[in-house]
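Our numbering applies: residue 19 is where the sequence shown begins, and numbers increase by one. Note that beta-carbon positions come from the ideal geometry of N, C-alpha and C, so glycine has one too.
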Amino acid sequence: MKRALRITYRGMETSDTLNEHIRDQADKLEQFYDGITGCNVVVEEPHRHHAQGHHFHVRVELHVPGRDIIADREPAELAAHADAYQAVTDAFEAARRQLQHHADRQHAYHR
19 MKRALRITYR GMETSDTLNE HIRDQADKLE QFYDGITGCN VVVEEPHRHH AQGHHFHVRV
79 ELHVPGRDII ADREPAELAA HADAYQAVTD AFEAARRQLQ HHADRQHAYH R
């Protein structure tokens, strides 16, 4: 594994199973784009409203040569973010799309 992975939890307990899900998502991203040198993931439960349930905010920061990519998913964007695992999956999918765009630009530049 070439990249450093750092996982931070804010406003909630650390979860071994969620850590494993994050590692799996990061591994898939690294298989998609092998130039990742760092990955920071922040999982936050900013507001705890019992009537509304739990809402999660996930931020994925990727470091690749020449660029930092930030995928940020706020709970208000998708109702599915009441599920921490889905919020993580959606944030990594957004990061993958940005990586694809970055790779496409690099490829076009080097033609």
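So which of the options has the shortest CA-CA distance to residue i?
{"i": "residue 33", "options": "87, 47, 106 and 55", "result": "106"}
{"i": "residue 111", "options": "63, 83, 29 and 87", "result": "87"}
{"i": "residue 124", "options": "100, 85, 90 and 38", "result": "85"}
{"i": "residue 47", "options": "27, 89 and 74", "result": "89"}
{"i": "residue 36", "options": "49, 54, 22 and 59", "result": "59"}
{"i": "residue 40", "options": "26, 53 and 51", "result": "26"}
{"i": "residue 28", "options": "73, 54, 113 and 49", "result": "73"}
{"i": "residue 61", "options": "115, 116 and 104", "result": "104"}
Can the beta-carbon of residue i be found less than 7 Å from the beta-carbon of residue j?
{"i": "residue 79", "j": "residue 30", "result": "no"}
{"i": "residue 136", "j": "residue 81", "result": "Absent from the structure is residue 136, since the part of the chain shown begins at 19 and ends at 129."}
Go ahead and label residue i buried or exposed: buried means 16 or more other beta carbons lie within 10 angstroms of its beta carbon, across all protein chains shown.
{"i": "residue 96", "result": "Confidence at residue 96 is low in this model, with a pLDDT of 49, below 50, so its placement is unreliable and the value that follows should be read with caution. Residue 96 should be labelled exposed."}
{"i": "residue 126", "result": "exposed"}
{"i": "residue 13", "result": "There is no way to answer for residue 13, as the model of the chain reaches only from 19 to 129."}
{"i": "residue 114", "result": "buried"}
On the DSSP bridge list, what partners appear for residue i?
{"i": "residue 56", "result": "22 and 81"}
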